[in-house]
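Student: Just so you know, we're using our numbering here: the sequence shown kicks off at -6 and counts up by one. For every residue, glycine included, the Cβ atom is placed at its ideal position computed from N, Cα and C. Every value quoted in this text rests on a predicted model; they were computed, and no experiment measured them.
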Amino acid sequence: MKQLILKADREKPLVRRHPWVLSGAVSRVQGDPAVGDSVAVRAAGGEFLAWAAYSPASQIRARVWSWAEAEPVDGDLLRTRLARAITARERLLSPDTSDALRLVHGESDGLPGIIVDRYADVAVLQLLSAGAERWREELAQAVRELTGCACLYERSDADVRALEGLSVRSGVLHGALPAAGVQLREHGLGYGVDVAAGHKTGFYLDQRDNRKRIGELARDRDVLNCFCYTGGFTLNALAGGAASVLSVDSSAGALAQARDNLARNDLDAARAEWLEADVFKQLRVLRDQGRSFDLIVLDPPKFAPTAAFAEKAARGYKDINLLALKLLRPGGLLASFSCSGGVSAELFQKILAGAALDAGADASIVGHFAASADHPVLLSFPEGDYLKGLLVRRG
Ligand code: SAH
């Protein structure tokens, strides 16, 4: 029997339904499981805890598929889970809001390491763990049938695959990408999406609600959008009546897509300025130029994938937030995000407090941001709560 026996007193997280078995908790592995095989996870005393996918290369040594001994993983179980995740979204998001959404969000949908995003008639599958990889064929087939999308594209090329000992893989699994490119509509705005080479599966779906909020706050304001990627916050700010939007990103490709996205919509391009630059440097340049803004968005990439990087990440967050607060006019708003799993909401607030202190700015929290509802957070899996943001008003 393939099984993984925990050290004494290490079963508590699993009893509390946390879906990861960390390598340090494992006493021994029996039955010589292959990469991605299902193993029965047992407490030191032998009692059954869960069925999990074995990943010998990863610090996350096994990810739980099922808590019931009578329910080992197979193609049917995965299909049922996928169907449940997809159906749950139907009530979450009106098609008027967007035709792009996350259908499957990994651990929080009971499908560890599995992401499915939908862009109109294109589904994108991302497999991030050894267990997900093991069931690739079954998953692809089920996603194809359950979504009915004309095209299924695989984007299993995220860095985290290396931690699982997996190589990268991407390409069309079914159908063909639309000749005119993949497109989506969100909050009445159209975007082109590069599902083959864009970040994540092509678009930051998690920021959907927050983009709308920024649009609502932008009227008559001079806006600075840092780390703009393909222009999501920029387009919403312009649609919301911003006086001007300066958008900064270091990626020429992202900026080209952003410009293209602006051109797809009936917006005043004269109010938009784009800059290819490093935000850390550009904020200093703007300070030295004496520029100021009414609304600043900071949505940097992940500085801390895990808690081990939190200190270094904290310095990065503090730096950009301090500079942004200095560029804010009195009464101005800073929408500051962190998508670092290794930085808690509490730590993030502390970092901003430190930044405000050093900037000599009175600042208060006037709003909180989180990922959209199609990115659920399982209560027993706080790691799922990676995206956090504060709306801060400078006094
Ligand atoms: N706000 C965006 C997503 C931002 S993703 C949206 O809603 O779609 C983070 C972006 O930061 C990426 O586009 C990446 O190219 C950019 N980036 C990473 N490091 C950077 C740096 N030092 N300076 C400027 N841009 C950077």
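What first and last residue would you give for the alpha helix (DSSP H) that runs through Leu320?
Tutor: Ala303 to Leu320
Student: Run the proximity test for Asp187: is its beta-carbon closer than 7 Å to any non-hydrogen atom belonging to the ligand SAH?
Tutor: no
Student: Could you check if Arg204 belongs to the surroundings of the ligand SAH, using beta carbon to heavy atom distance under 7 Å?
Tutor: yes
Student: For Arg187, tell me which candidate among Ile207, Ala155, Ala251 and Arg212 has the shortest Cα-Cα distance.
Tutor: Reading the sequence as shown, one finds Asp at residue 187 and not Arg. Ranking Ile207, Ala155, Ala251 and Arg212 by Cα distance to Asp187 puts Ala251 first.
Student: So which residues put a beta carbon under 5 Å from any heavy atom of the ligand SAH, going in chain order?
Tutor: Tyr197, Gln200, Phe220, Tyr222, Gly225, Asp242, Ser243, Ser244, Ala247, Asp271, Val272, Asp292 and Pro294
Student: I need the straight-line Cα distance from Thr80 to Glu179, nearest angstrom please.
Tutor: Between Thr80 and Glu179, the C-alpha separation is close to 20 Å.
Student: Report the three-state DSSP secondary structure of Ala55 (helix, strand or coil).
Tutor: strand
Student: Go ahead and label Pro375 buried or exposed: buried means 16 or more other beta carbons lie within 10 angstroms of its beta carbon, across all protein chains shown.
Tutor: exposed
Student: Going by DSSP, what residue range makes up the alpha helix (DSSP H) through Asn258?
Tutor: Note, Asn258: premise wrong, no alpha helix (DSSP H); not H, not E.
Student: Quick one: residues in its chain with C-beta nearer than 7 Å to the C-beta of Leu318, no 5 flanking neighbours on either side, listed in chain order?
Tutor: Leu327, Ala348, Ala349, Ala352, Ala354, Ala356 and Arg387
Student: For a quick check, are the C-beta atoms of Asn314 and Leu345 less than 8 Å apart?
Tutor: yes
Student: What is the residue span of the alpha helix (DSSP H) that Leu291 lies within?
Tutor: Element bounds for Leu291: not the alpha helix (DSSP H) but the beta strand (DSSP E), Phe286 to Leu291.
Student: Rounded to a whole number of angstroms, what is the C-alpha to C-alpha distance between Phe220 and Asp292?
Tutor: 6 Å
Student: Just to confirm, is the Cβ distance from Lys5 to Gly24 under 8 Å?
Tutor: Taking 8 Å as the Cβ cut-off, Lys5 and Gly24 do not qualify as a contacting pair.
Student: Do the region 166 to 173 and the region 231 to 248 touch if we need at least three Cβ pairs shorter than 8 Å?
Tutor: no
Student: Measuring CA to CA, which of Pro26, Val238, Val272 and Asp312 is closest to Phe286?
Tutor: Taking only the C-alpha atoms, the option nearest Phe286 is Val238.
Student: For Ser373, tell me which candidate among Ala211, Ala1 and Val8 has the shortest Cα-Cα distance.
Tutor: Val8
Student: With a cut-off of 8 Å, does the C-beta of Leu350 fall near any C-beta of chain E?
Tutor: The structure shown contains no chain E; it holds only a single protein chain.
Student: Can you tell me which residues form a DSSP beta bridge with Lys381?
Tutor: Ser331 and Ala363
Student: What are the boundary residues of the alpha helix (DSSP H) that Glu83 is part of?
Tutor: Segment Gly68 to Glu83, the alpha helix (DSSP H) holding Glu83.
Student: In this structure, how does DSSP classify Glu40 when only helix, strand and coil are distinguished?
Tutor: Residue state, collapsed to three classes: coil.
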